[in-house]
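Peer 1: Let me give you the structure first, and then I'll get to my questions.
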Amino acid sequence: MPANDMPWSWPELAAIVLSRELADGEVGSPGGSRSEIPLAAARLAQLTRAPNLAIITSAAGFVANMVDKPWSPLVSSTMDWRNVYAGTEAVLPSSGVFHTRRDWFFAGALQVDGHGNINLTRVRLKDGGEMRGPGAAGLAYSATMAQRYFIYMHEHSRRSFVQRLDYRTAIGFGDGPGSREALGLRGGGPALVISPRGVMDFDERTLRLRLRSVHPGQSVEALVANTGCELIVPSVVPSTPAPSEQELDVLRRQVDRGGVLRR
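Residue numbers (UniProt numbering): 1 to 263.
So, in C-alpha coordinates, the structure goes:
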(Lines of atoms letter the chains of each structure in order from A; the text may use other names.)
(Lines give C-alpha, C1' and ligand atoms only; values in the text may rest on other atoms or scores of the structure.)
Protein backbone atom coordinates (compact mmCIF):
# COMPACT_ATOMS: atom_id res chain seq x y z
CA MET A 1 0.00 0.00 0.00
CA PRO A 2 1.35 3.46 -0.81
CA ALA A 3 2.91 5.38 2.06
CA ASN A 4 0.74 7.97 3.72
CA ASP A 5 2.18 11.40 2.87
CA MET A 6 -0.61 13.26 4.66
CA PRO A 7 -0.03 15.25 7.89
CA TRP A 8 -1.99 12.62 9.79
CA SER A 9 -1.86 8.83 10.09
CA TRP A 10 -4.62 6.67 8.69
CA PRO A 11 -5.72 5.57 12.21
CA GLU A 12 -6.11 9.26 13.10
CA LEU A 13 -8.18 9.80 9.96
CA ALA A 14 -10.27 6.73 10.78
CA ALA A 15 -10.95 7.94 14.33
CA ILE A 16 -11.99 11.36 13.06
CA VAL A 17 -14.24 10.00 10.29
CA LEU A 18 -15.92 7.59 12.69
CA SER A 19 -16.39 10.27 15.36
CA ARG A 20 -18.54 12.21 12.89
CA GLU A 21 -20.97 9.27 12.76
CA LEU A 22 -21.81 9.40 16.49
CA ALA A 23 -24.66 11.58 17.72
CA ASP A 24 -25.20 13.45 20.97
CA GLY A 25 -27.14 11.47 23.57
CA GLU A 26 -26.34 8.07 22.10
CA VAL A 27 -24.97 5.07 24.00
CA GLY A 28 -22.54 2.58 22.53
CA SER A 29 -19.46 0.44 22.88
CA PRO A 30 -16.09 0.73 21.13
CA GLY A 31 -15.39 -3.00 21.50
CA GLY A 32 -12.60 -4.80 23.33
CA SER A 33 -8.99 -5.52 22.33
CA ARG A 34 -7.28 -3.40 19.66
CA SER A 35 -10.02 -0.80 20.05
CA GLU A 36 -7.88 2.34 20.10
CA ILE A 37 -9.45 3.68 16.88
CA PRO A 38 -13.11 3.42 17.98
CA LEU A 39 -12.33 4.48 21.55
CA ALA A 40 -10.55 7.58 20.22
CA ALA A 41 -13.51 8.22 17.91
CA ALA A 42 -15.98 8.12 20.80
CA ARG A 43 -13.85 10.32 23.07
CA LEU A 44 -13.31 12.80 20.24
CA ALA A 45 -17.04 12.96 19.57
CA GLN A 46 -17.69 13.71 23.26
CA LEU A 47 -15.14 16.52 23.27
CA THR A 48 -16.26 18.18 20.03
CA ARG A 49 -19.86 17.68 19.00
CA ALA A 50 -21.57 15.08 21.21
CA PRO A 51 -21.00 15.99 24.89
CA ASN A 52 -23.80 13.70 26.08
CA LEU A 53 -22.51 10.62 24.27
CA ALA A 54 -22.02 7.67 26.67
CA ILE A 55 -19.38 4.98 26.22
CA ILE A 56 -19.81 1.52 27.74
CA THR A 57 -16.11 0.74 27.99
CA SER A 58 -16.12 -2.98 28.72
CA ALA A 59 -18.18 -6.07 29.37
CA ALA A 60 -18.00 -5.07 33.04
CA GLY A 61 -20.36 -2.19 32.28
CA PHE A 62 -18.39 0.97 33.04
CA VAL A 63 -20.23 3.94 31.52
CA ALA A 64 -17.84 6.79 30.72
CA ASN A 65 -17.85 10.34 29.45
CA MET A 66 -14.62 12.33 29.10
CA VAL A 67 -16.14 15.84 29.08
CA ASP A 68 -14.53 17.97 31.84
CA LYS A 69 -12.65 14.92 33.18
CA PRO A 70 -8.87 14.72 33.76
CA TRP A 71 -6.92 13.54 30.75
CA SER A 72 -6.38 9.80 30.57
CA PRO A 73 -4.04 7.96 28.20
CA LEU A 74 -5.47 6.17 25.19
CA VAL A 75 -4.76 2.45 25.53
CA SER A 76 -5.44 -0.26 22.94
CA SER A 77 -7.93 -2.32 24.96
CA THR A 78 -11.06 -1.10 26.69
CA MET A 79 -10.43 -3.87 29.20
CA ASP A 80 -7.25 -2.11 30.36
CA TRP A 81 -7.96 -0.52 33.76
CA ARG A 82 -6.72 2.88 32.53
CA ASN A 83 -9.54 2.91 29.96
CA VAL A 84 -12.07 1.17 32.19
CA TYR A 85 -11.91 3.88 34.86
CA ALA A 86 -11.25 6.90 32.64
CA GLY A 87 -14.28 9.16 32.82
CA THR A 88 -16.43 6.52 34.53
CA GLU A 89 -19.71 7.94 35.81
CA ALA A 90 -21.70 4.76 36.43
CA VAL A 91 -21.25 1.01 36.66
CA LEU A 92 -23.87 -1.37 35.32
CA PRO A 93 -24.59 -4.66 37.10
CA SER A 94 -23.11 -7.57 35.16
CA SER A 95 -26.57 -9.08 34.73
CA GLY A 96 -27.68 -5.99 32.83
CA VAL A 97 -24.69 -5.31 30.58
CA PHE A 98 -26.09 -7.29 27.67
CA HIS A 99 -29.56 -5.85 28.04
CA THR A 100 -28.68 -2.18 27.89
CA ARG A 101 -29.34 0.04 24.93
CA ARG A 102 -26.71 0.02 22.16
CA ASP A 103 -27.11 2.72 19.55
CA TRP A 104 -23.74 1.82 18.03
CA PHE A 105 -20.93 -0.66 18.24
CA PHE A 106 -17.52 -1.05 16.61
CA ALA A 107 -16.03 -4.25 15.23
CA GLY A 108 -12.69 -5.18 13.75
CA ALA A 109 -12.39 -8.06 11.27
CA LEU A 110 -9.90 -10.39 9.66
CA GLN A 111 -12.26 -10.72 6.70
CA VAL A 112 -15.41 -8.93 5.60
CA ASP A 113 -17.64 -9.82 2.67
CA GLY A 114 -19.88 -7.84 0.35
CA HIS A 115 -22.83 -7.93 2.76
CA GLY A 116 -20.82 -6.83 5.80
CA ASN A 117 -20.56 -10.25 7.43
CA ILE A 118 -17.44 -10.59 9.60
CA ASN A 119 -14.82 -13.26 10.16
CA LEU A 120 -12.78 -12.80 13.31
CA THR A 121 -12.38 -16.50 14.08
CA ARG A 122 -9.94 -18.15 11.66
CA VAL A 123 -8.55 -17.73 8.15
CA ARG A 124 -7.44 -20.52 5.84
CA LEU A 125 -3.85 -20.23 4.60
CA LYS A 126 -2.49 -21.17 1.19
CA ASP A 127 -0.45 -24.03 2.67
CA GLY A 128 -3.62 -25.66 3.97
CA GLY A 129 -3.22 -24.49 7.55
CA GLU A 130 -5.27 -21.92 9.43
CA MET A 131 -4.56 -18.71 11.27
CA ARG A 132 -6.64 -18.32 14.39
CA GLY A 133 -8.15 -14.97 15.25
CA PRO A 134 -9.40 -13.63 18.59
CA GLY A 135 -12.87 -15.09 18.10
CA ALA A 136 -16.34 -13.77 18.80
CA ALA A 137 -16.36 -12.63 22.45
CA GLY A 138 -19.33 -10.20 22.48
CA LEU A 139 -19.19 -9.54 18.73
CA ALA A 140 -21.95 -11.93 17.65
CA TYR A 141 -24.33 -10.49 20.24
CA SER A 142 -23.55 -6.85 19.49
CA ALA A 143 -23.80 -7.34 15.72
CA THR A 144 -27.34 -8.63 16.15
CA MET A 145 -28.58 -6.12 18.73
CA ALA A 146 -26.91 -2.73 18.14
CA GLN A 147 -28.91 -0.24 16.13
CA ARG A 148 -25.91 0.13 13.82
CA TYR A 149 -22.27 -0.80 13.87
CA PHE A 150 -19.05 0.25 12.22
CA ILE A 151 -16.37 -2.10 10.89
CA TYR A 152 -12.77 -0.93 10.90
CA MET A 153 -10.18 -2.83 8.88
CA HIS A 154 -6.43 -2.49 9.44
CA GLU A 155 -5.78 -3.89 5.96
CA HIS A 156 -7.48 -3.41 2.60
CA SER A 157 -6.57 -6.26 0.28
CA ARG A 158 -8.17 -9.12 -1.62
CA ARG A 159 -7.50 -11.38 1.36
CA SER A 160 -9.36 -9.12 3.80
CA PHE A 161 -12.27 -8.04 1.54
CA VAL A 162 -13.48 -11.41 0.25
CA GLN A 163 -16.34 -12.85 -1.77
CA ARG A 164 -16.85 -15.67 0.74
CA LEU A 165 -15.73 -15.73 4.38
CA ASP A 166 -13.69 -18.64 5.66
CA TYR A 167 -15.82 -18.47 8.81
CA ARG A 168 -18.79 -16.28 9.73
CA THR A 169 -18.22 -14.94 13.23
CA ALA A 170 -20.89 -12.23 13.16
CA ILE A 171 -23.70 -11.38 10.81
CA GLY A 172 -23.90 -8.22 8.77
CA PHE A 173 -26.69 -8.37 6.21
CA GLY A 174 -26.41 -12.14 5.85
CA ASP A 175 -27.14 -13.21 2.28
CA GLY A 176 -28.88 -9.95 1.44
CA PRO A 177 -32.27 -8.28 1.94
CA GLY A 178 -34.52 -10.14 4.38
CA SER A 179 -31.76 -12.17 6.03
CA ARG A 180 -31.73 -10.30 9.33
CA GLU A 181 -35.51 -10.13 9.46
CA ALA A 182 -35.81 -13.88 8.87
CA LEU A 183 -33.59 -14.47 11.91
CA GLY A 184 -35.61 -12.06 14.06
CA LEU A 185 -32.66 -9.76 14.75
CA ARG A 186 -33.47 -6.40 16.34
CA GLY A 187 -30.35 -4.48 15.31
CA GLY A 188 -29.97 -2.53 12.12
CA GLY A 189 -26.75 -4.09 10.83
CA PRO A 190 -23.49 -2.51 9.65
CA ALA A 191 -23.50 1.13 8.63
CA LEU A 192 -19.92 1.73 7.49
CA VAL A 193 -16.69 -0.08 6.74
CA ILE A 194 -13.50 1.98 6.94
CA SER A 195 -10.06 0.85 5.80
CA PRO A 196 -6.68 2.46 5.08
CA ARG A 197 -7.92 3.08 1.53
CA GLY A 198 -11.45 4.44 1.90
CA VAL A 199 -14.93 4.45 3.40
CA MET A 200 -17.71 2.13 2.30
CA ASP A 201 -21.39 2.02 3.18
CA PHE A 202 -24.22 -0.23 1.97
CA ASP A 203 -26.65 0.19 -0.91
CA GLU A 204 -30.16 0.65 0.47
CA ARG A 205 -31.79 -1.75 -2.00
CA THR A 206 -29.30 -4.61 -2.31
CA LEU A 207 -27.50 -4.12 1.05
CA ARG A 208 -24.22 -4.61 -0.81
CA LEU A 209 -20.97 -2.86 -0.02
CA ARG A 210 -20.74 0.50 -1.80
CA LEU A 211 -17.78 2.84 -2.09
CA ARG A 212 -18.55 6.14 -0.35
CA SER A 213 -15.17 7.88 -0.52
CA VAL A 214 -11.46 7.27 -1.03
CA HIS A 215 -8.95 8.72 1.40
CA PRO A 216 -6.69 11.59 0.33
CA GLY A 217 -3.71 10.15 -1.53
CA GLN A 218 -5.60 6.98 -2.53
CA SER A 219 -7.38 6.20 -5.81
CA VAL A 220 -10.62 4.47 -6.77
CA GLU A 221 -8.72 2.19 -9.16
CA ALA A 222 -6.29 0.95 -6.50
CA LEU A 223 -9.06 0.42 -3.95
CA VAL A 224 -11.17 -1.60 -6.41
CA ALA A 225 -8.15 -3.65 -7.53
CA ASN A 226 -7.48 -4.61 -3.90
CA THR A 227 -11.07 -5.59 -3.11
CA GLY A 228 -11.93 -9.26 -3.49
CA CYS A 229 -15.71 -8.98 -3.07
CA GLU A 230 -18.35 -7.35 -5.21
CA LEU A 231 -18.29 -3.59 -4.65
CA ILE A 232 -20.72 -0.99 -5.95
CA VAL A 233 -18.75 1.96 -7.34
CA PRO A 234 -20.73 5.16 -8.06
CA SER A 235 -19.85 7.16 -11.16
CA VAL A 236 -18.46 9.92 -8.95
CA VAL A 237 -16.54 9.02 -5.78
CA PRO A 238 -15.45 11.95 -3.58
CA SER A 239 -12.37 12.16 -1.41
CA THR A 240 -12.87 11.45 2.30
CA PRO A 241 -13.18 14.87 4.01
CA ALA A 242 -9.84 15.72 5.60
CA PRO A 243 -9.56 16.30 9.35
CA SER A 244 -10.25 19.86 10.41
CA GLU A 245 -7.68 21.74 12.46
CA GLN A 246 -9.97 21.53 15.49
CA GLU A 247 -10.53 17.78 15.16
CA LEU A 248 -6.82 17.05 14.81
CA ASP A 249 -5.94 19.43 17.66
CA VAL A 250 -8.45 17.87 20.10
CA LEU A 251 -7.45 14.38 19.02
CA ARG A 252 -3.74 14.98 19.66
CA ARG A 253 -3.93 17.25 22.73
CA GLN A 254 -6.87 15.75 24.65
CA VAL A 255 -7.53 12.24 23.36
CA ASP A 256 -4.21 10.79 22.23
CA ARG A 257 -1.34 12.75 23.77
CA GLY A 258 0.83 9.64 23.72
CA GLY A 259 0.53 9.27 19.95
CA VAL A 260 -0.89 5.74 19.98
CA LEU A 261 -2.65 6.43 16.67
CA ARG A 262 0.56 7.76 15.11
CA ARG A 263 2.76 4.72 15.84
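Every residue, glycine too, gets a C-beta built ideally from N, C-alpha and C.
1) By DSSP, does Pro11 sit in helix, in strand, or in coil?
2) Mind checking Gln218: buried by the 16 CB within 10 Å criterion, or exposed?
3) Residues in its own chain within less than 8 Å of Thr100 by CB, not counting five upstream and five downstream?
4) Using 8 Å for Cβ pairs, my map puts Ser29 next to Arg102. What's the rounded Cβ distance?
5) CB Val63 to CB Ala54, shorter than 8 Å?
6) Let's see if you can read the secondary structure: which residues bound the beta strand (DSSP E) around Ser29?
7) Assign Pro234 to buried or exposed, taking buried as 16 or more other Cβ atoms, counted over all protein chains shown, within 10 Å of its Cβ.
8) Checking the sheet assignment: what are the DSSP bridge partners for Val199?
9) Over what stretch of residues does the beta strand (DSSP E) that includes Met131 continue unbroken?
10) Where does Ala64 sit, in a helix, a strand or coil, going by DSSP?
11) Smallest Cα separation from Ala45: which of Ser35, Gly25, Arg34?
12) Provide the residue span of the beta strand (DSSP E) that contains Trp104, from first to last.
13) Under DSSP, the alpha helix (DSSP H) around Arg43 begins and ends at which residues?
14) May I ask you to list the residues that DSSP assigns as paired with Gln111?
15) Measuring CB to CB, does Gly176 end up less than 8 Å from Leu207?
16) Any idea if Met66 is buried or exposed, counting beta-carbon neighbours within 10 angstroms, 16 or more meaning buried?
17) For the alpha helix (DSSP H) holding Tyr141, just list the boundary residues, first then last.
18) When DSSP labels each residue in this structure, what does Arg124 get in the three-state scheme?
Peer 2: From the atom records:
1) Taking the sequence shown and counting its residues from 1, one reaches residue 11 at position 11. If DSSP states are grouped into helix, strand and coil, Pro11 belongs with the helices.
2) Here residue 218 refers to the residue found at position 218 when the sequence shown is read from its first residue. It is buried - the Cβ of Gln218 has at least 16 other Cβ atoms within 10 Å.
3) Start at 1 with the first residue of the sequence shown, and residue 100 comes out as number 100. Excluding positions up to five away in sequence, the list reads Val27, Ile56, Gly61, Leu92.
4) To locate residue 29, count along the sequence shown from 1; it is residue 29. To locate residue 102, count along the sequence shown from 1; it is residue 102. That pair is a contact at about 6 Å.
5) Counted from its first residue, the sequence shown places residue 63 at position 63. Counted from its first residue, the sequence shown places residue 54 at position 54. Result yes, Cβ atoms of Val63 and Ala54 sit closer than 8 Å.
6) In the sequence shown, the residue the question calls residue 29 occupies position 29. Ser29 -> beta strand (DSSP E) spans 27-29.
7) On the sequence shown, position 234 is the one that residue 234 refers to. Exposed.
8) Here residue 199 is taken as the residue at index 199 of the sequence shown, counted from 1. Ile194, Ser213, per the DSSP bridge assignment.
9) Translated into the one-based positions of the sequence shown, residue 131 becomes position 131. Element bounds for Met131: 130-132.
10) Position 64 of the sequence shown, counted from the first residue, corresponds to residue 64. Ala64 falls in the strand class under three-state DSSP.
11) Looking up residue 45 in the sequence shown gives position 45. When each option's Cα is compared against that of Ala45, the closest is Gly25.
12) Start at 1 with the first residue of the sequence shown, and residue 104 comes out as number 104. Unbroken beta strand (DSSP E) run through Trp104: 104-108.
13) One-based indexing of the sequence shown puts residue 43 at position 43. Its alpha helix (DSSP H) spans residues 36-48.
14) The count along the sequence shown starts at 1 and reaches residue 111 at position 111. In the DSSP output, where bridge partners are listed per residue, Gln111 has Asn119.
15) The sequence position of residue 176 within the sequence shown is 176, counting from 1. The sequence position of residue 207 within the sequence shown is 207, counting from 1. Yes, Cβ-Cβ distance for Gly176 and Leu207 is below 8 Å.
16) Residue 66 sits at position 66 when you count from the first residue of the sequence shown. Flag for Met66 reads buried.
17) Taking the first residue of the sequence shown as 1, we reach residue 141 at position 141. 139-145 is the extent of the alpha helix (DSSP H) around Tyr141.
18) Locating residue 124 in the sequence shown gives position 124, counting from the first residue. The answer is strand: DSSP assigns Arg124 an E or B state.
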